[in-house]
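Enquirer: Using my numbering, the first residue of the sequence shown is number 839, and each one after it goes up by one.
We put the beta carbon where it would ideally sit given N, CA and C, even for glycine.
Predicted model, so just to flag it, every value in this text is computed and none were measured.
For reference, the structure I am asking about is given below.
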Amino acid sequence: MKILSGLKIAIVSPKKSRKTSRYKRESNKLITALVIEDENNELKASIDTDKIGIKEVLTFTDESFDLKDKISIFSKQKDDNGKRTRFIRDIWSAKFFPGFKENYIPFNKNWLVKGYVVTNGFTKLFDFKELIGIKGYINVDKNEYSDNNSYFSKSRY
């Protein structure tokens, strides 16, 4: 603390504001989901349930579509073959120039993603956190990502 002409000046570091979410997590365990496209061309998350062979389809949260800090993003517009273009950015661009939600999305159909199952009071949703890879093209241990589903089982490939 310094005293200048009768004034006391204290230099303190600003408090970090904690971002609160309007969603409540069902579990703190990351879940692996497969991104699917429904009949309305809307992307949804398909996760395994406790029942064998039963998949649960959840809508993504609004925060899932945030492009900040996402290295890989996809165009919303499909090309002539019905595919979306993937853009791989450097960390600096991903952090300071995230892009527009109207033009890009952070995940695509047939990609495996990590996230949390959350609720907003009455509806279950999927809160996307990270891309894992394309279904069928990654060679990883199932337990590395989550214990909940069979997207990594050998019988599926």
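1. Spatial neighbours of residue 849 within its chain, please: C-beta separation below 6 Å, excluding the five flanking residues on both sides.
2. Can you say whether residue 885 is buried or exposed, counting buried as having 16 or more other CB atoms within 10 angstroms of its CB?
3. Can you tell me whether residue 990 is helix, strand or coil according to DSSP?
4. Taking the DSSP output, what are the residues bridged to residue 943?
5. Runs of 3 residues minimum, wholly inside the segment 923 to 975: which ones carry the beta strand (DSSP E) assignment?
6. Which residues does DSSP list as the beta-bridge partners of residue 897?
7. My guess is that residue 964 and residue 881 are in contact by the Cβ rule of under 8 Å, so how many angstroms apart are they, rounded?
Expert: Answer, in terms of the structure:
1. Residue mapping note: residue 849 aligns to position 11 of the sequence shown, counting from 1. Contacts found: none.
2. One-based indexing of the sequence shown puts residue 885 at position 47. Under this definition residue 885 is a buried residue.
3. Position 152 of the sequence shown, counting from 1, holds the residue named residue 990. A caution first: residue 990 carries a pLDDT of 43, below 50, which makes its placement in the model unreliable, though a value can still be read off. Reduced to three states, the DSSP call for residue 990 is coil.
4. As a working note, residue 943 is residue 105 in the sequence shown. Answer is 912, bridged to residue 943.
5. 949 to 957 and 962 to 972
6. Residue numbering aside, residue 897 sits at position 59 when the sequence shown is read from its first letter. Residue 897 pairs with 882 and 963.
7. Translated into positions along the sequence shown, residue 964 becomes position 126. Translated into positions along the sequence shown, residue 881 becomes position 43. In fact, because the Cβ distance is near 10 Å, the residues do not count as touching under 8 Å.
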